[in-house]
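Working notes, beginning with the structure itself.
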Amino acid sequence: MSFTAEKIVTRFAPSPTGVLHIGSLRTALYPWLYARQHNGKFVLRIEDTDRERSTPAFEENILEGLKWFGIDYDEFYRQSERGEIYKKHIDALLADGTAYVSKEEPKEIGERSEVIRFKNPNRVVTFYDEARGDISFDTTELGDFVIAKDINTPLYHLAVVVDDFEMGITHIIRGDDGISNTPRQILLQEALGAPRPSYTHMPMILAPDKTKLSKRHGALGVTEYRDEGYLPEALINFVALMGWNPGTEQELLSREDMLRLFTLEKIQKGAAVWNIDKLKWFNKQYMKKLPFVEAKEKIFAYLPESLKSFASNNTRVFEKIVPIILDHVSAFGEVKIMAENGEIEYFFEDPEYNAEGLFWKNDKNAERTRNHLVKVVKLLQGISADDFTVEAVKNTLWKYASLAGKGNVLWPLRFALSGRDKSPDPFILAEILGREVTLRRIEKAMERIDKIVRRK
Ligand code: GLU
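For the sequence shown, position 442 (counting from the first letter as 1) is numbered 431 according to the working numbering, and the numbering increases by one without interruption.
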């Protein structure tokens, strides 16, 4: 990169024709990082010249997303409000003969018969891309391209070049679909007498099957990720590494790390590949870092109403299951799924289940199973409610379970406490439930076994 003493100005120039998605988040992030790490300026420019496809709702979604990520900007523009500025430049180009009004043969009745074309000097344009090196294009094939439908209606390329010039953009950092636009834009810059900014094009993000990334591959808009309980730090970290790396193996990067380590030269040429499992991995790492109270609140927010009231009425149990839930999910939205699958309710309410479930697969004998539970109750009664901890319960039962067979003793105990084939181990369950509920659930299990035995 050539050294310049000027202030660095970068921009994010989204078209409000869709929501802020993973790709556009990255398109915002890289220039933001670059501006902030150089004490420069970051401009947000809404490119809403396509009046038919642009909507205020999409613009709002983009702004909301950026705010959620803490991507702040110093200046804000909408192209739709800058007609006078484009007009001034089109006038100048017409006046000096680098653009001209061209009479067109209307293809349909009522179609405009004049457009404004750029007089192409037809030459080879070479520009340096910070990530890819020199790129050359022969512009001859572009012909005298149209830059405006009329003096009041600039087309895309002209608007971009005028804006980058007027806004003093020093570094254009954008998606690689911008590469083929660059020669045309450079010709226009030269005609306007604008300085050439530095260019960096970031690689595409492909789906795992190497096709274009879309919703079908689980790539959602960023506000949807927010609603699914993903953390902004995780999403930012994940997208930062799609097309860039710090040159080390370090994957967990805080905002400060990124601001320190980001460089344009380390932006990759090859396409990045989307990987939802990797995103989940990042999210889990950041979930684990959350302060307990925050994690608790986020889990609570995703509980169905019935469980919310259990959790508020029994905060002791709720606080004890927070780490268990955190262990199970990779986004807070998955708490809903855990709840639907009945993986949370049994901590608060004695479970309903079929007595057969109490029998361990290698010993389905009812009497023997019942005897183990009788013994377990006797042993547990020796621990006071205050001392009913994982360690105490384990120490108390371990000798007996080792002699009688761990599966034979601990399976029925665990099932009596949870009513489920899968759950945390019985020592953990016992501490969470507490002495009274633990003993009650074992008694209930014994009653269930009694019913089976009587039936026989
Ligand atoms: N508005 C363009 C887009 O959303 C980006 C233009 C640019 O970065 O030069 O694709």
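Glycine residues also receive a C-beta, built at the ideal position from the N, C-alpha and C atoms.
Note that the coordinates shown come from a computational prediction; the quantities given were computed from them, not determined experimentally.
Tell me which residues share the same chain as residue i and place their Cβ nearer than 6 Å to its Cβ, disregarding the 5 neighbours each side in the sequence.
{"i": "I194", "result": "G12, L202, M231, A261 and W263"}
{"i": "Q257", "result": "P192 and G232"}
{"i": "I35", "result": "P5, E48 and R67"}
{"i": "S91", "result": "V104 and R106"}
Return the CA-CA distance between residue i and residue j, expressed in angstroms with no decimal places.
{"i": "G210", "j": "H10", "result": "4 Å"}
{"i": "V149", "j": "W270", "result": "38 Å"}
{"i": "R112", "j": "V(-2)", "result": "29 Å"}
{"i": "G423", "j": "M327", "result": "22 Å"}
{"i": "P20", "j": "D139", "result": "32 Å"}
{"i": "R409", "j": "P415", "result": "12 Å"}
{"i": "E222", "j": "K278", "result": "11 Å"}
{"i": "A434", "j": "F377", "result": "20 Å"}
{"i": "E179", "j": "K285", "result": "58 Å"}
{"i": "R357", "j": "L386", "result": "17 Å"}
{"i": "G371", "j": "K440", "result": "27 Å"}
{"i": "P3", "j": "K76", "result": "22 Å"}
{"i": "P45", "j": "P293", "result": "33 Å"}
{"i": "N170", "j": "Y62", "result": "25 Å"}
{"i": "R444", "j": "K267", "result": "53 Å"}
{"i": "N330", "j": "D339", "result": "16 Å"}
{"i": "S391", "j": "E436", "result": "25 Å"}
{"i": "I438", "j": "R429", "result": "14 Å"}
{"i": "L253", "j": "D123", "result": "15 Å"}
{"i": "T189", "j": "K273", "result": "32 Å"}
{"i": "F1", "j": "R163", "result": "8 Å"}
Counting along the chain, where does the alpha helix (DSSP H) carrying residue i start and finish?
{"i": "G54", "result": "P45 to F58"}
{"i": "G423", "result": "P415 to R444"}
{"i": "D17", "result": "Residue identity differs from the one stated: residue 17 is Ala in this sequence, not Asp. Taken as a continuous stretch (DSSP letters only), the alpha helix (DSSP H) holding A17 covers I11 to Q26."}
{"i": "V366", "result": "A355 to Q370"}
{"i": "G164", "result": "Looking at the DSSP string, G164 is not in any alpha helix (DSSP H); the run it does join, the beta strand (DSSP E), is H160 to G164."}
{"i": "M276", "result": "I265 to K278"}
Residue j and residue i - do their beta-carbons sit closer together than 9 Å?
{"i": "W400", "j": "F348", "result": "yes"}
{"i": "Y66", "j": "V114", "result": "no"}
{"i": "V379", "j": "Y389", "result": "no"}
{"i": "D37", "j": "E48", "result": "yes"}
{"i": "L250", "j": "L242", "result": "yes"}
{"i": "G396", "j": "N343", "result": "no"}
{"i": "A229", "j": "L22", "result": "yes"}
{"i": "L362", "j": "A405", "result": "yes"}
{"i": "I60", "j": "A17", "result": "yes"}
{"i": "E425", "j": "A374", "result": "yes"}
{"i": "F134", "j": "R71", "result": "no"}
{"i": "F161", "j": "S187", "result": "Correcting the residue type first, residue 161 is Ile in the shown sequence and not Phe. A contact, by the Cβ cut-off of 9 Å."}
Leaving out the 5 sequence neighbours to the left and right, which residues in its chain are closer than 8 Å to residue i when beta-carbon positions are compared?
{"i": "I314", "result": "I288, V324, M327 and I333"}
{"i": "R25", "result": "F31 and L248"}
{"i": "I79", "result": "A88, I105, I136, A137, I140, P143 and L147"}
{"i": "V311", "result": "F281, A284, K285 and I288"}
{"i": "T212", "result": "V8, L9, N50, E53, G54 and W57"}
{"i": "G259", "result": "P192"}
In chain order, what residues of the same chain lie with their CB nearer than 7 Å to the CB of residue i, ignoring the 5 residues before and after it?
{"i": "V306", "result": "F336, F337 and I421"}
{"i": "D127", "result": "V113"}
{"i": "A208", "result": "H10, I11, L202 and W263"}
{"i": "S412", "result": "R403 and L418"}
{"i": "V318", "result": "V324 and M327"}
{"i": "N226", "result": "L241, L242 and F271"}
Span of the beta strand (DSSP E) holding residue i?
{"i": "V32", "result": "K30 to I35"}
{"i": "Y117", "result": "V113 to D118"}
{"i": "M191", "result": "S187 to M191"}
{"i": "I140", "result": "Note, I140: premise wrong, no beta strand (DSSP E); not H, not E."}
Could you check whether the stretch 143 to 157 touches the stretch 179 to 195, counting it as contact only if at least three pairs of C-beta atoms, one from each stretch, sit closer than 8 Å? yes
Is the stretch 213 to 224 touching the stretch 310 to 322, taking contact as three or more C-beta pairs under 8 Å? Contact holds: three or more Cβ-Cβ distances are below 8 Å.
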